[in-house]
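Chains as they are written, first to last, in my numbering: chain A, 1 to 193; chain B, 194 to 474; chain C, 475 to 912.
Ideal Cβ placement from N, Cα and C applies to all residues, glycine included.
Right, one structure below, let's go through it.
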Amino acid sequence: MVELLLILISAVFVNNFVLARFLGICPFLGVSKKVETALGMGMAVIFVMTVAAVVTWFIQYLVLIPFGIEYLQTIAFILVIASLVQLVEMVIQKTSPVLYQSLGIFLPLITTNCAVLGVAVLNIQKSYSFIESVVFAMGAGLGFTLAMVLFAGLRERIDLCPVPKCFRGTAVALVTAGLLSLAFMGFAGLVKG
Amino acid sequence: MLAAVLSIGGIGLVAAATLGLAAKKFAVEVDPRELAILEVLPGVNCGACGLPGCSGYAKGVAEGTIAPNLCTPGGSETVEAIADILGIEAITIEPQVAIVACQGDNRKATNKYRYLGLQDCNAAQKLADGPKTCPGGCLGLGSCERACPFGAIEMTAENLAVINREKCTGCEKCVAVCPRQVIKMVPLKATVHVLCNSHDKGALIRKYCQIGCIGCHICKKTVPEAYVVENFLAFADYEHIENAAAAIEKCPTKCIRDFSTGYPEGSSFPPATVPVKHPAA
Amino acid sequence: MKLKSFSGGLHPPDSKEYSAHKPIERCPLPEELIIPAAQHIGAPADICVAVGDQVKKGQVIANANGFVSVPIHASTSGEVIAVEPRLHPMGRELPAVVIKPDGLDQWHESLRQNDPEQLDVDSLKNLIRDAGIVGMGGATFPTHVKLSPPEEKTIDTLILNGVECEPFLTADHRLMLEESERIIDGINILRKVLGIDQAIIGIEVNKPDAIEKLTRDCAAHNIQVQPLKVRYPQGAEKQLINACTGRQVPSGGLPMDCGVVVQNVGTAAAISDAVRLGRPLVERIATITGPGIVEPKNLRITIGTPLQYLVDQCGGLNGEPAKIIMGGPMMGQTQLSLDVPAIRGTSGVLVFREEDLPKMPAGPCIRCGRCIGVCPIHLQPTTIAAYARLEMIDAAENYNALDCIECGCCTYICPATLPLVQSIRHAKGGIMAKRRKI
Numbered sequence: 001m002v003e004l005l006l007i008l009i010s011a012v013f014v015n016n017f018v019l020a021r022f023l024g025i026c027p028f029l030g031v032s033k034k035v036e037t038a039l040g041m042g043m044a045v046i047f048v049m050t051v052a053a054v055v056t057w058f059i060q061y062l063v064l065i066p067f068g069i070e071y072l073q074t075i076a077f078i079l080v081i082a083s084l085v086q087l088v089e090m091v092i093q094k095t096s097p098v099l100y101q102s103l104g105i106f107l108p109l110i111t112t113n114c115a116v117l118g119v120a121v122l123n124i125q126k127s128y129s130f131i132e133s134v135v136f137a138m139g140a141g142l143g144f145t146l147a148m149v150l151f152a153g154l155r156e157r158i159d160l161c162p163v164p165k166c167f168r169g170t171a172v173a174l175v176t177a178g179l180l181s182l183a184f185m186g187f188a189g190l191v192k193g
Numbered sequence: 194m195l196a197a198v199l200s201i202g203g204i205g206l207v208a209a210a211t212l213g214l215a216a217k218k219f220a221v222e223v224d225p226r227e228l229a230i231l232e233v234l235p236g237v238n239c240g241a242c243g244l245p246g247c248s249g250y251a252k253g254v255a256e257g258t259i260a261p262n263l264c265t266p267g268g269s270e271t272v273e274a275i276a277d278i279l280g281i282e283a284i285t286i287e288p289q290v291a292i293v294a295c296q297g298d299n300r301k302a303t304n305k306y307r308y309l310g311l312q313d314c315n316a317a318q319k320l321a322d323g324p325k326t327c328p329g330g331c332l333g334l335g336s337c338e339r340a341c342p343f344g345a346i347e348m349t350a351e352n353l354a355v356i357n358r359e360k361c362t363g364c365e366k367c368v369a370v371c372p373r374q375v376i377k378m379v380p381l382k383a384t385v386h387v388l389c390n391s392h393d394k395g396a397l398i399r400k401y402c403q404i405g406c407i408g409c410h411i412c413k414k415t416v417p418e419a420y421v422v423e424n425f426l427a428f429a430d431y432e433h434i435e436n437a438a439a440a441i442e443k444c445p446t447k448c449i450r451d452f453s454t455g456y457p458e459g460s461s462f463p464p465a466t467v468p469v470k471h472p473a474a
Numbered sequence: 475m476k477l478k479s480f481s482g483g484l485h486p487p488d489s490k491e492y493s494a495h496k497p498i499e500r501c502p503l504p505e506e507l508i509i510p511a512a513q514h515i516g517a518p519a520d521i522c523v524a525v526g527d528q529v530k531k532g533q534v535i536a537n538a539n540g541f542v543s544v545p546i547h548a549s550t551s552g553e554v555i556a557v558e559p560r561l562h563p564m565g566r567e568l569p570a571v572v573i574k575p576d577g578l579d580q581w582h583e584s585l586r587q588n589d590p591e592q593l594d595v596d597s598l599k600n601l602i603r604d605a606g607i608v609g610m611g612g613a614t615f616p617t618h619v620k621l622s623p624p625e626e627k628t629i630d631t632l633i634l635n636g637v638e639c640e641p642f643l644t645a646d647h648r649l650m651l652e653e654s655e656r657i658i659d660g661i662n663i664l665r666k667v668l669g670i671d672q673a674i675i676g677i678e679v680n681k682p683d684a685i686e687k688l689t690r691d692c693a694a695h696n697i698q699v700q701p702l703k704v705r706y707p708q709g710a711e712k713q714l715i716n717a718c719t720g721r722q723v724p725s726g727g728l729p730m731d732c733g734v735v736v737q738n739v740g741t742a743a744a745i746s747d748a749v750r751l752g753r754p755l756v757e758r759i760a761t762i763t764g765p766g767i768v769e770p771k772n773l774r775i776t777i778g779t780p781l782q783y784l785v786d787q788c789g790g791l792n793g794e795p796a797k798i799i800m801g802g803p804m805m806g807q808t809q810l811s812l813d814v815p816a817i818r819g820t821s822g823v824l825v826f827r828e829e830d831l832p833k834m835p836a837g838p839c840i841r842c843g844r845c846i847g848v849c850p851i852h853l854q855p856t857t858i859a860a861y862a863r864l865e866m867i868d869a870a871e872n873y874n875a876l877d878c879i880e881c882g883c884c885t886y887i888c889p890a891t892l893p894l895v896q897s898i899r900h901a902k903g904g905i906m907a908k909r910r911k912i
């Protein structure tokens with residue numbers, strides 16, 4: 001139990017996917033103009049990461065290892081994740097238009113989100129058990145959401161400030177992201193792992 | 194080798210089959226015409242059509258609940274493309290651009306008080322109807338510049354708004370935001386305009402502006418068909434604009450301007466060409 | 475003893491030494507009186523005289539237009555020489571009646587004296603409305619509306635505003651010193667109309683002579699005089715209620731929501747005249763002051779007197795005027811020219827020269843938070859103003875921009891001299907426009 005909690009905290013804070021591992025920078029910069037959309041994106045990522053972790057874990061241990069083709073891990077995972085996200089999008093669009101309205105627009109963006117692939121690969125690298133994999137994926141998703149929401153809040157504040165012309169837009173956003181990343185370095189050493 | 198090919202191929206097949214099935218099972222009806230219309234729209238979500246964004250307009254047009262010729266930024270080409278998609282005859286629209294009907298910048302027009310507040314025309318207008326003595330002149334605090342989604346408006350160093358005819362798409366956002374209604378929509382093909390928005394009598398205008406229309410009728414006497422004078426203010430009659438330029442030299446206050454020879458003083462825009470087709474289309 | 479006050483606010487230099495010691499003088503009648511139809515909050519009155527009419531002092535020249543409106547009266551006897559738009563203190567030309575005084579200053583014959591003891595509540599209210607009484611502190615809200623709370627609201631306290639927290643102004647101060655009997659009579663009438671006993675007069679301690687005088691005079695009338703710490707904007711209704719009673723008016727609410735009615739001392743005096751003498755509101759006391767005035771004075775002015783004439787009565791201008799303010803320096807209205815008339819809400823006329831004005835241009839917000847510290851409503855002026863500049867009206871609304879009372883503390887304290895109040899007012903305008911649309 002303690003082990004699982006440590007995995008979770010480590011994934012959320014210490015080894016935050018965006019701010020410590022620098023994975024998933026694209027949606028981090030792209031969908032962080034408003035807190036609301038950032039939160040929606042974060043929720044979608046939590047969901048997809050968890051499902052992807054489950055599926056890729058099975059692929060790894062039921063297909064790749066028995067056939068001795070672990071070297072095809074990356075391509076297999078990409079294939080599975082991409083089709084999975086597409087499937088999820090279709091199902092949501094049909095079953096819950098409300099959820100699709102708030103979440104659906106982010107789903108195609110996640111298809112190629114390297115953070116999702118990162119979770120799947122790290123699960124295998126760290127030889128996590130099934131439960132551990134799921135917890136790690138959820139923690140990674142939570143960490144991503146946390147970073148997104150914090151960053152979106154900062155950007156909303158930056159909108160109010162007289163930023164010098166040459167720094168407006170993405171430039172000042174990247175500087176802010178760097179500072180936020182520095183702040184997250186403060187968590188280093190909190191949990192070993 | 195064989196195992197590798199088979200397993201990845203197998204995963205691919207399973208995924209493809211699942212997606213294929215799902216696409217059938219969970220298919221959501223979307224009018225293909227709606228998507229096609231969305232493709233041809235400019236996609237700036239300016240709201241000129243009266244709907245919140247391009248997708249809303251596409252939906253409305255596809256459903257037939259709204260007229261297909263309301264996209265001013267897209268111009269006639271967009272209207273034709275939409276008409277093609279819908280299989281109807283195009284109702285062409287005369288391409289329009291916005292002009293600031295004023296040349297009274299800080300050097301040429303006087304202020305009735307010194308304004309030190311918020312740099313926003315609507316805020317300034319609330320204080321005794323704005324600092325400019327002229328009741329219709331451009332306040333020059335840049336509300337239209339900030340409202341323009343196309344970056345077509347610039348403020349000169351002497352605080353006058355100037356609209357670039359090449360960049361303007363006629364979305365009328367600036368018209369909506371201007372508290373003094375000094376921005377007018379005019380046909381794109383016309384380059385000669387009377388740049389004044391004050392109906393005050395000539396003697397009064399001369400007191401506060403060097404470049405305002407004093408309603409002297411000289412332009413009308415020179416080119417009778419091209420000008421109308423109403424209530425001490427001249428207007429170009431855009432139906433008969435061919436010879437309008439002849440009056441420019443005669444105008445005593447030089448408030449008539451031909452944009453093909455240059456924009457108002459202080460503007461960085463090069464003289465306007467007369468475009469054959471609409472720029473945004 | 476710790477003096478009562480409210481939280482927030484500040485204490486700008488009160489500059490009352492220009493005129494605090496000057497007794498009230500009557501200002502003579504000018505060549506012509508310009509009486510605008512819009513002198514109160516609410517619908518402007520309908521002008522009912524024409525050019526050439528002979529009018530007498532106190533005669534109705536414009537009828538009230540709806541419930542939240544009051545009639546306008548001729549301020550002296552004479553001839554109507556014009557009914558036309560004239561420059562109004564609001565900064566634009568608005569309909570006005572121009573009267574050439576005949577010098578006789580005769581009261582209209584229909585006006586008669588009353589004994590408030592003999593009248594019932596409704597006829598008292600009618601007298602107050604027909605006399606055109608409005609809030610004399612400067613807001614000019616029709617008084618009879620404030621005195622008619624809806625059935626479900628119980629009023630238990632009347633607070634008299636003798637705070638005069640705006641710097642420079644001393645009109646209420648002199649009124650309390652010299653004419654306390656009119657104020658007390660007005661309070662008695664107000665208490666009868668509201669059917670309550672408790673009345674508090676709030677006065678800041680920078681007017682010790684007024685506190686002493688009123689404490690002495692009120693002793694026999696069961697009116698409490700409450701000395702208050704000097705703090706701007708203590709004269710704002712909600713702050714005064716909080717300072718005197720500790721009650722909080724809810725956001726978006728009115729003083730009646732916490733059982734209080736607030737009236738200015740000047741209003742109380744005007745009510746006394748209206749009821750006892752039958753005299754409508756045709757004159758008021760105003761402070762003509764500021765470094766741009768040769769000899770600052772407290773004048774009893776006739777409504778409609780052009781500011782130029784008032785300034786002339788005070789020895790004229792002391793140098794070139796750069797800023798003319800009607801009302802106090804914090805919330806008053808800057809004037810375009812001295813040709814505008816003094817109206818019912820004119821508590822003062824301030825004239826500043828170029829050298830008296832601050833020079834600093836507006837800079838960027840340095841996020842010092844002083845505006846937040848001084849805001850008596852505990853808003854975040856800098857944030858609301860920033861949203862207003864960016865036209866982010868919804869965000870400004872979420873920060874409760876509508877609760878702003880526009881007291882000007884934030885603009886006063888801002889080291890970057892940002893136009894915060896104006897920005898917030900801009901946001902409020904945007905919010906109201908949006909609500910009208912929905």
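Which partner residues does residue i have in the DSSP bridge list?
i: residue 700(C); result: 676(C)
i: residue 757(C); result: 776(C)
i: residue 263(B); result: DSSP lists no partner for residue 263(B).
i: residue 402(B); result: 302(B)
i: residue 2(A); result: DSSP lists no partner for residue 2(A).
i: residue 420(B); result: 429(B)
Within the present structure, is the beta-carbon of residue i separated from the nearest heavy atom of the ligand GTP by less than 7 Å?
i: residue 377(B); result: With respect to the ligand GTP, the structure shown offers nothing to examine, as it has no ligands at all.
In chain A, which residues lie with their C-beta within 8 Å of the C-beta of residue i?
i: residue 205(B); result: 79
i: residue 211(B); result: 83 and 87
Would residue i and residue j qualify as a contact pair, given that the criterion is a beta-carbon distance under 8 Å?
i: residue 644(C); j: residue 741(C); result: no
i: residue 139(A); j: residue 23(A); result: no
i: residue 247(B); j: residue 231(B); result: yes
i: residue 558(C); j: residue 573(C); result: no
i: residue 384(B); j: residue 460(B); result: no
i: residue 478(B); j: residue 295(B); result: The structure shown does not extend to residue 478(B), since chain B is modelled only from 194 through 474, so no value can be given for it.
i: residue 774(C); j: residue 759(C); result: yes
i: residue 52(A); j: residue 2(A); result: no
i: residue 45(A); j: residue 110(A); result: yes
Report the neighbours of residue i on chain A: residues whose CB is nearer than 9 Å to its CB, in chain order.
i: residue 593(C); result: Result: empty, since nearest Cβ-Cβ is about 57 Å, beyond 9 Å.
i: residue 838(C); result: 161 and 162
Below 8 Å on the Cβ atoms is my guess for residue i versus residue j; work out the distance and round it to an integer in Å.
i: residue 709(C); j: residue 635(C); result: 6 Å
i: residue 80(A); j: residue 56(A); result: 6 Å
i: residue 353(B); j: residue 463(B); result: The Cβ separation is near 17 Å, so there is no contact.
i: residue 800(C); j: residue 563(C); result: 5 Å
i: residue 88(A); j: residue 48(A); result: 7 Å
Quick one: which chain B residues come within Cβ less than 8 Å of residue i?
i: residue 698(C); result: Near residue 698(C) there are no residues of chain B at all, since even the closest Cβ is about 41 Å away, more than 8 Å.
i: residue 93(A); result: 219 and 221
Could you name the residues of chain A that residue i contacts, counting a contact when the two beta carbons are closer than 7 Å?
i: residue 200(B); result: 63, 67 and 69
Does the pairing of the segment 337 to 344 of chain B with the segment 359 to 370 of chain B give three or more beta-carbon distances under 8 Å?
yes
Inspect the CB distances between the segment 425 to 441 of chain B and the segment 316 to 328 of chain B and report whether three or more fall short of 8 Å.
no
Tell me, please, whether the segment 249 to 263 of chain B touches the segment 211 to 230 of chain B by the rule of three or more beta-carbon pairs shorter than 8 Å.
yes
Evaluate the contact criterion for the segment 809 to 828 of chain C versus the segment 596 to 611 of chain C: three or more CB pairs, one atom per stretch, below 8 Å.
yes
Should the segment 715 to 733 of chain C be regarded as contacting the segment 621 to 632 of chain C, the criterion being three or more beta carbon pairs within less than 8 Å?
yes
Between the segment 773 to 790 of chain C and the segment 489 to 505 of chain C, can you find at least three pairs of beta-carbon atoms closer than 8 Å?
yes
Does the count of Cβ pairs from the segment 709 to 727 of chain C and the segment 506 to 525 of chain C closer than 8 Å reach three?
no
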